[in-house]
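Here's the structure, in structure tokens; my notes come after.
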Amino acid sequence: MQIVPGLHLVDGMGAVVNVYVWERPDGGLTLIDAGMPKDAAKILAFAGTLGIERLDRIIITHGDIDHIGGLAEVQAATGARVICHAVEKDIIEGRQARDMGYGPVARVYVPLMAMVTERFMGYRPVKKVDELVLDKQMLPDGFQVVHSPGHTAGLIALHQPERGILIVGDAFGSRDGKLHMPVAMATPHKDVARDSIRRLAEIKGVQVICCGHGAPVTQNAEARLQAFAASLES
Ligand SMILES: [Zn+2]
């Protein structure tokens with residue numbers, strides 16, 4: 578489904594997580610996130626409708642299983658370069674567990690998730706990340722990186738200034754047009770996450786907000802984000 582000219586939401590993913598495809602002016606395709614392990618075939622099929630040979634870059638917003646599940650398979654099928662924030666690299670390459678904070682949830686959740694993703698979902702990490710990016714970096718895809726930590730330490734949002742597109746990963750989510758904080762249990766640093774949302778709300782000219790979960794916000798996007806940020810407790 579085309580959200581705005583040049584930006585597509587991969588069809589047929591179901592309600593779990595969103596994957597986006599960006600048609601670059603140079604003719605290439607940039608995939609943004611890679612869904613669950615079972616989603617790789619759907620992503621490849623969708624990219625095939627636009628020209629699979631054009632898919633040469635994959636930007637990962639953050640290293641959660643529902644955003645990197647299909648990464649290794651899509652990368653192997655296309656040879657695309659994999660791009661993420663420097664802090665997220667070891668998680669995406671499977672050498673470090675996701676930070677869940679220091680509470681009892683972390684002690685149970687981290688080993689449990691590793692077992693579930695490997696044994697039951699057949700997840701394998703991508704072999705290597707090719708490009709590491711930092712805050713404010715302008716990417717050849719036309720996006721500026723907005724480092725938005727809190728949910729994970731290396732989460733990045735992507736801002737496309739000419740078309741007013743803001744892709745936020747799980748910096749926050751949308752549900753029925755309302756914006757909300759990322760899932761509490763999987764957001765170990767909520768104060769940092771709130772600061773990231775306030776920073777995203779300072780971006781001017783936002784027309785479209787695309788979250789990792791929930792429908793894209795295409796009406797009054799900038800005002801809605803500003804109101805959401807203002808509503809957050811300090
Ligand atoms: Zn996440």
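In my numbering, the protein residues as written are 578 to 811. Idealized CB from N, CA, C, for every residue including glycine.
C-alpha gap between A807 and G656, whole angstroms
42 Å
Going by C-alpha to C-alpha distance, which of S773, P582, G782 and A763 sits closest to F805?
S773
Let me check understanding here. Comparing Cα to Cα, which of D768, T795 and G640 lies closest to S811?
D768
Entirely within the segment 633–673 and at least 4 residues each: give me those alpha helix (DSSP H) ranges in chain order.
642–645, 648–655 and 666–669
Should A763 be listed as close to ligand 1, given that the test is whether its C-beta is under 7 Å from any heavy atom?
yes
Residue interval of the beta strand (DSSP E) (run including K619)
First-last for K619: A617 to L627, but that is the alpha helix (DSSP H), not the beta strand (DSSP E).
Once the 5 residues before and after A792 are set aside, which same chain residues still bring their CB inside 7 Å of it?
S751
Under 8 Å between C-beta atoms of M690 and I645
no
With DSSP run on the structure shown, which of helix, strand or coil describes E708?
strand
Are G746 and T638 closer than 8 Å when you measure CB to CB?
yes
Tell me the residue span of the alpha helix (DSSP H) that contains A734.
Element bounds for A734: not the alpha helix (DSSP H) but the beta strand (DSSP E), I733 to Q737.
If you check the beta carbons only, do F526 and C788 fall under 8 Å apart?
What the structure shows of the chain is the stretch from 578 to 811, and residue 526 is not part of that stretch, so it cannot be assessed.
Should N595 be labelled buried (16 or more other beta-carbon atoms within 10 Å of its own) or exposed?
buried
Run of the alpha helix (DSSP H) containing L756, from where it starts to where it stops
Segment K755 to H757 is the beta strand (DSSP E) holding L756; no alpha helix (DSSP H) there.
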